[in-house]
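Engineer: Mind having a look at this structure? Questions to follow.
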Amino acid sequence: MSEQKTVIITAASRGIGGACSRMLAAKGWRVVLMSTSQDCETLAAELGGFARRGSVTDTADLAALVDLAMEKTGRVDAVVANTGHGPGLSDVKVGPAYGPDSPGHLLDIDDADWYAALDMYVMNVIRLARLVTPIMMRQGGGAIVAVSSKIAVEPKATYPTSVLRLGLHAFAKLYADRYGRAGIRMNCLLPGLVENWPVPDAALQALPLGRAVKLNEIAETVAFLVSDAAGGVTGQSILVDGGSARGVR
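Quick note on the numbering used here: the sequence shown kicks off at 23 and runs consecutively.
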């Protein structure tokens with residue numbers, strides 16, 4: 023088995039997933055990528071890694087991704103469980119935040135969308151953890167980073183189903199408690215407004231930094247969390263949001 027470490031990254035073709043793929047490859051990791059488009063294959067070829075197309079909501083696709091990593095590299099040292107936005111998005115942009123006149127369609131979101139969001143935001147990480155934990159235990163350790171969202175801790179009508187991500191954060195804590203003695207860590211990373219999304223100037227000016235978070239800043243944080251330098255960090259929900267979250271935790 024090669025000593026070069028292997029990281030699995032999902033939703034890896036562009037945005038946060040793409041930035042993490044490039045950053046970790048540059049730091050010497052072998053990358054095994056998945057996305058729903060062929061872009062992950064193109065990126066993997068560029069980075070000297072491996073890829074397959076698939077969906078984070080499909081258990082068979084996740085299993086095939088882990089099998090690919092084992093077949094090609096013989097190991098899985100880290101997972102970056104990235105994903106897109108789930109269903110149930112609102113077109114709310116402005117309006118009163120509270121009370122009976124606030125906009126949105128919270129109670130119009132049907133059960134199917136809630137369950138689909140649960141698959142997208144929570145179950146993909148649980149399913150990946152089931153697949154890679156036995157491998158990491160045999161290897162003597164590993165790290166999982168679940169990419170969540172600042173919206174999980176400061177709910178907004180724009181992304182109502184993201185409240186389910188709080189369940190992911192609780193799962194990460196339970197997982198960290200259970201598998202820490204095996205040398206396996208799990209943390210959640212919570213981006214705020216990121217540069218690859220169109221952000222109104224007014225929203226940017228409301229941020230303490232006065233700008234969106236850069237993709238490479240997200241990727242550097244992920245690279246730290248999967249590294250040995252973060253060996254004492256587990257079970258945490260880490261905001262990378264330019265200081266926009268108002269609560270003190």
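Virtual Cβ for every residue (Gly too), placed ideally from N, Cα, C.
1. As a quick exercise: from 39, 254 and 96, pick the residue whose alpha carbon is nearest that of residue 160.
2. Which residues does DSSP pair with residue 218 in a beta bridge?
3. In the structure shown, what three-state DSSP assignment does residue 57 receive?
4. Under three-state DSSP, which class holds residue 209?
5. Out of 230, 165, 102 and 182, which has the shortest C-alpha to C-alpha gap to residue 298?
6. Which runs of the alpha helix (DSSP H) fall wholly inside the region 142 to 209 and span at least 4 residues, in chain order?
7. Pick helix, strand or coil for residue 101, following the three-state DSSP scheme.
8. Quick one: residues in its chain with C-beta nearer than 8 Å to the C-beta of residue 268, no 5 flanking neighbours on either side, listed in chain order?
9. Roughly how far, in whole angstroms, is the beta-carbon of residue 172 from the beta-carbon of residue 213, given that I think they are within contact range, below 8 Å?
10. From which residue to which residue does the beta strand (DSSP E) around residue 29 run?
11. For a test of the three-state rule: what should DSSP assign to residue 255, helix, strand or coil?
12. Closer than 7 Å by C-beta to residue 150: which residues in its own chain qualify, once you throw out the five before and the five after it? Chain order, please.
13. So which of 170, 249 and 262 has the shortest CA-CA distance to residue 26?
14. Considering Cα atoms alone, identify which of 238, 86, 211 and 108 is closest to residue 166.
15. Give me the Cβ distance between residue 105 and residue 32, rounded to the nearest whole Å; I'm assuming they're in contact under 8 Å.
16. Should residue 243 go down as buried or exposed, given a rule of 16 or more other Cβ atoms within 10 Å for buried?
17. Could you check where the alpha helix (DSSP H) with residue 44 kicks off and where it finishes?
Structural biologist: Reading off the structure:
1. 96
2. Residue 218 pairs with nothing; no bridge assigned.
3. strand
4. strand
5. Because the chain spans 23 through 271 in this model, residue 298 falls outside it and cannot be assessed.
6. 146 to 161 and 187 to 201
7. strand
8. 176
9. 6 Å
10. 28 to 32
11. coil
12. 84, 101 and 103
13. 249
14. 211
15. 7 Å
16. buried
17. 37 to 48
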